[in-house]
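**Q**
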Amino acid sequence: MTGSAPQYTPHPFDARSIAKRFRHSAIFGALGALQPGEAMRFVNDHDPLPLLAQINDRFGDAVAIQYLQREPGAIVIDFIIQAG
Numbered sequence: 858m859t860g861s862a863p864q865y866t867p868h869p870f871d872a873r874s875i876a877k878r879f880r881h882s883a884i885f886g887a888l889g890a891l892q893p894g895e896a897m898r899f900v901n902d903h904d905p906l907p908l909l910a911q912i913n914d915r916f917g918d919a920v921a922i923q924y925l926q927r928e929p930g931a932i933v934i935d936f937i938i939q940a941g
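Numbering-wise (the working numbering), the sequence shown opens with residue 858 and increments by one.
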């Protein structure tokens, strides 16, 4: 957890409430709908390392990944859309 408040208001995305077979598609769609400077606050019950690799492959540096909570059973990540 960082000491300063984010400079954006994140859109909540609770992956726990989405069927597993649809999660990645839903996440990619949500990220693709965001504008530069917007963010999505992702909540999940496990660390989504394969998903993060896919996001990096698909979006590259256009999406910054910031963990806010990283504990067993409780993961919170902000995905921030970068300008440019």
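Glycine residues also receive a C-beta, built at the ideal position from the N, C-alpha and C atoms.
What is the DSSP secondary structure of histidine 903, counted as helix, strand or coil?
**A** Reduced to three states, the DSSP call for histidine 903 is coil.
**Q** Between leucine 925 and aspartate 935, which are expected to be in contact by the criterion C-beta below 8 Å, what is the C-beta distance as a whole number of angstroms?
**A** Yes, leucine 925 and aspartate 935 are in contact; Cβ-Cβ is about 6 Å, under 8 Å.
**Q** Let me know the alpha helix (DSSP H) ranges lying completely inside the stretch 861-925, each 4 residues or longer, listed in chain order.
**A** As far as the stretch 861-925 is concerned, its whole alpha helix (DSSP H) runs of at least 4 residues are 877-890, 906-916.
**Q** Just reading off the beta strand (DSSP E) that alanine 931 is part of, what are its end residues?
**A** Note, alanine 931: beta strand (DSSP E), 931-938.
**Q** Count the other CB atoms, across all protein chains shown, that sit within 10 Å of the CB of alanine 834; report buried if there are 16 or more and exposed otherwise.
**A** Any property of residue 834 remains undetermined from this structure, which presents the chain solely from 858 to 941.
**Q** Is it buried or exposed, phenylalanine 899, if we count other Cβ atoms within 10 angstroms and call 16 or more buried?
**A** Phenylalanine 899 should be labelled buried.
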